[in-house]
Amino acid sequence: SSGINADYGSSGINAEYGVCTQPCTRKRPGGCEHRCAAKCHPGTPCPVTVCFERIQVTCPCNRRQVTSLCFSGATFTPSDVPKFMAKLRSVNIPLTRGDLAEVMKSGTVACEEACRVEERNRRLAEGLGLVNVAVDSVIAPNYSDFLKDQVKSNKAFVMEIEDQFEMEIDRLKKRNEKADNLNKVNCLYHDFRPMNRDRRRVVHELGEHYKITTQSLDPEPHRNVRIRVDYLSAVPGVRLSQYLLVKRSFVGSSKPVPKPLTSAHGDAADIKMTSLVLEEGTPVVADTWEEMCEDEE
Numbered sequence: 013s014s015g016i017n018a019d020y021g022s023s024g025i026n027a028e029y030g031v032c033t034q035p036c037t038r039k040r041p042g043g044c045e046h047r048c049a050a051k052c053h054p055g056t057p058c059p060v061t062v063c064f065e066r067i068q069v070t071c072p073c074n075r076r077q078v079t080s081l082c083f084s085g086a087t088f089t090p091s092d093v094p095k096f097m098a099k100l101r102s103v104n105i106p107l108t109r110g111d112l113a114e115v116m117k118s119g120t121v122a123c124e125e126a127c128r129v130e131e132r133n134r135r136l137a138e139g140l141g142l143v144n145v146a147v148d149s150v151i152a153p154n155y156s157d158f159l160k161d162q163v164k165s166n167k168a169f170v171m172e173i174e175d176q177f178e179m180e181i182d183r184l185k186k187r188n189e190k191a192d193n194l195n196k197v198n199c200l201y202h203d204f205r206p207m208n209r210d211r212r213r214v215v216h217e218l219g220e221h222y223k224i225t226t227q228s229l230d231p232e233p234h235r236n237v238r239i240r241v242d243y244l245s246a247v248p249g250v251r252l253s254q255y256l257l258v259k260r261s262f263v264g265s266s267k268p269v270p271k272p273l274t275s276a277h278g279d280a281a282d283i284k285m286t287s288l289v290l291e292e293g294t295p296v297v298a299d300t301w302e303e304m305c306e307d308e309e
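Listed below in structure tokens is the structure:
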């Protein structure tokens with residue numbers, strides 16, 4: 013509006029525009045870096061209120077990241093938890109009570125299993141004398157017989173899905189590298205084109221090895237798969253399309269195992285698939301419970 017850049021002086025009053033009604037731009041009292049944002053209050057200190065600016069909070073190892081509110085200036089007791097949880101829900105932030113307590117206590121969130129696995133792998137790499145090499149990169153994933161058959165009969169399609177997965181993982185990484193803490197995103201989505209049941213199963217099963225969640229959407233013949241890529245998603249040490257070559261290298265050749273290929277592309281996603289396990293331990297994947305029931309008939 014007009015007058016935003018006018019000179020209001022220390023009184024907060026301008027001869028042409030009258031009393032300033034813009035938010036105060038001074039730093040908030042209480043320790044955080046956010047602006048006061050209260051209505052202009054010339055000649056008086058900034059009010060001490062709770063800061064509700066969005067922030068990104070990480071675990072101590074910086075692997076896990078969640079969105080929270082700043083809450084600077086707040087006192088936190090067990091009786092305050094419902095009030096703060098209600099505030100988080102009102103702005104669509106799905107923070108758990110445990111994470112909220114950790115944020116209020118230490119300004120971080122707790123590490124999770126993936127963090128512990130990464131630390132274990134780091135120590136294992138040190139013990140094996142591997143320098144700047146991820147342990148996962150020298151361990152081939154345990155791909156199912158279904159996926160192995162698919163890469164033999166339909167390798168071009170498998171490579172297409174691998175490339176798309178890696179493009180999305182890379183896109184999320186690059187987007188967050190360029191963004192400040194307030195604009196980082198937790199995940200990205202991509203919808204594949206409609207495909208038949210076997211191809212959807214490839215996407216579902218392969219997604220597990222990339223730590224990508226998947227869901228089938230829409231009725232036939234337009235049924236497709238949506239993928240969700242987040243900060244846990246990662247390229248496995250050996251791509252499915254490389255698996256047989258790597259296995260042959262181990263079994264009957266003295267040639268070194270080829271390095272995992274990386275996609276040359278750069279840009280593509282909630283949601284869990286329905287997954288059952290037979291008594292023998294063989295994973296069975298279906299798009300819906302109805303399809304699973306059809307198999308059993």
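Residue numbers in the sequence shown follow my numbering, run continuously in steps of one, and reach 309 at the last position.
Here a beta-carbon is modelled for each residue, glycine too, at the ideal position from N, C-alpha and C.
On a predicted model such as this, the values are computed, not experimentally measured, just so you know.
Cutoff 8 Å; reference residue i; Cβ partners in own chain excluding five residues on either side
{"i": "residue 218", "result": "159, 170, 173, 174, 177, 252"}
{"i": "residue 46", "result": "39, 40, 63, 65, 82, 84"}
{"i": "residue 100", "result": "80, 81, 106, 107, 112"}
{"i": "residue 198", "result": "77, 78, 79, 242, 243"}
{"i": "residue 230", "result": "206, 236"}
{"i": "residue 92", "result": "86"}
{"i": "residue 397", "result": "There is no way to answer for residue 397, as the model of the chain reaches only from 13 to 309."}
{"i": "residue 127", "result": "71, 73, 75, 76"}
Counted within 10 angstroms of its Cβ, other Cβ atoms place residue i as buried (16 or more) or exposed
{"i": "residue 246", "result": "buried"}
{"i": "residue 125", "result": "exposed"}
{"i": "residue 43", "result": "exposed"}
{"i": "residue 233", "result": "exposed"}
{"i": "residue 131", "result": "exposed"}
{"i": "residue 228", "result": "buried"}
{"i": "residue 248", "result": "buried"}
{"i": "residue 313", "result": "A query on residue 313 cannot be resolved here, the shown segment of the chain reaching from 13 to 309 and no further."}
Presumed contact (8 Å Cβ cut-off) between residue i and residue j, rounded CB distance
{"i": "residue 121", "j": "residue 62", "result": "20 Å between Cβ atoms; not a contact."}
{"i": "residue 204", "j": "residue 215", "result": "6 Å"}
{"i": "residue 240", "j": "residue 225", "result": "5 Å"}
{"i": "residue 223", "j": "residue 200", "result": "That belief does not hold up - the Cβ atoms of residue 223 and residue 200 are roughly 14 Å apart, past 8 Å."}
{"i": "residue 153", "j": "residue 237", "result": "In fact, because the Cβ distance is near 20 Å, the residues do not count as touching under 8 Å."}
{"i": "residue 220", "j": "residue 202", "result": "With 8 Å as the limit, residue 220 and residue 202 do not qualify as a contact, their Cβ atoms being about 16 Å apart."}
{"i": "residue 123", "j": "residue 71", "result": "4 Å"}
Same chain, Cβ closer than 6 Å to residue i, neighbours up to 5 away in sequence not counted
{"i": "residue 155", "result": "252, 255"}
{"i": "residue 86", "result": "62"}
{"i": "residue 115", "result": "69, 80"}
{"i": "residue 196", "result": "68, 188"}
{"i": "residue 50", "result": "36, 59"}
7 Å Cβ shell around residue i - same chain, five flanking residues per side excluded
{"i": "residue 277", "result": "Residue placement at residue 277 cannot be trusted, given a pLDDT of 43 that sits under 50; the coordinates are not used to answer."}
{"i": "residue 162", "result": "170, 214"}
{"i": "residue 166", "result": "none"}
{"i": "residue 117", "result": "none"}
{"i": "residue 88", "result": "116"}
Contact with chain D by residue i, beta-carbon distance below 8 Å
{"i": "residue 122", "result": "Considering every chain present, this structure includes no chain D. It has just one protein chain."}
- the region 95-112 touching the region 76-83, judged by at least three CB pairs closer than 8 Å: yes
**OP:** Count the CB pairs spanning the region 34-45 and the region 69-76 that are closer than 8 Å, and state whether there are at least three.
**Re:** no
* Between the region 54-66 and the region 107-118, do three or more beta carbon pairs fall short of 8 Å? -> no
| task | Could you tell me whether the region 181-193 touches the region 204-221, using the rule of 3 or more Cβ pairs below 8 Å? | result | no
- [ ] Just list the alpha helix (DSSP H) runs in the region 57-108, keeping only unbroken ones of 4 residues or longer that don't cross its boundaries, in chain order.
- [x] 93-102
Sequence ranges, alpha helix (DSSP H) only - wholly within the region 202-229, length at least 4: 209-221
- request: At 3 residues or longer, and completely inside the region 170-203: list those beta strand (DSSP E) runs for me, N to C.
  value: 199-203
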